[in-house]
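> The opening position of the sequence shown corresponds to residue 80 in my numbering, with each subsequent residue numbered one higher.
Ideal Cβ placement from N, Cα and C applies to all residues, glycine included.
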Amino acid sequence: MKPPESLTEVRARIDALDGELVRLLADRQRLVRAAATFKTDEQAVRAPDRVERVVAAVRERAAAAGLAPEVAESVWRAMIAAFIEYELAQHRSAADGTGTATG
Ligand SMILES: C=C(O[C@@H]1C=C(C(=O)O)C=C[C@H]1O)C(=O)O
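#1: Going by the C-beta, is V154 closer than 8 Å to any heavy atom of ligand 1?
#2: Does the structure place the region 157 to 174 close enough to the region 102 to 117 that three or more beta carbon pairs sit under 8 Å?
#3: What is the DSSP secondary structure of P82, counted as helix, strand or coil?
#4: Give a yes or no on whether the C-beta atoms belonging to I159 and V124 are separated by under 9 Å.
#5: Going along the chain, which residues of its own chain have a beta-carbon closer than 8 Å to the beta-carbon of L86, five neighbours each way excluded?
#6: Give me the residue from V154, R92, E121 and R102 with the minimum Cα distance to V137.
Written as structure tokens, this is what we have:
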């Protein structure tokens, strides 16, 4: 990565990366939503074993890519917690037939 020459440039580059992250997270959210359709109860939605496997894999990838594993773990745990809430809302909405959950 070419070293930035000012704080303004640092922030412009962070903003550009955030734009890419938002697009990737939108794709991830669509897949999380699809996952919910294959599940029948809240325990399946939460899938704690899968969460631990995802976090372990991300820590390894982070270390290889130069991202601090503890930063990666915190980010992924927060992100997954938010997606679980999103998925639970989809799931409840499908179960009660209201179809009111959005996104
Ligand atoms: C998407 C799933 O549902 C939930 C969300 C996960 C995620 O955001 O990575 C992982 C496990 C589940 O808590 C899944 O079961 O794979």
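On the basis of the coordinates in this document:
#1: Position 75 of the sequence shown, counting from 1, holds the residue named residue 154. No, the beta carbon of V154 sits no closer than 8 Å to any heavy atom of ligand 1.
#2: yes
#3: Residue mapping note: residue 82 aligns to position 3 of the sequence shown, counting from 1. Coil, per DSSP.
#4: By one-based count along the sequence shown, residue 159 stands at place 80. By one-based count along the sequence shown, residue 124 stands at place 45. Not a contact, by the Cβ cut-off of 9 Å.
#5: Within the sequence shown, residue 86 is the residue found at index 7, counting from 1. Closer than 8 Å at Cβ, skipping near neighbours: no residue.
#6: Within the sequence shown, the letter at position 58 stands for residue 137. Answer by Cα proximity: V154.
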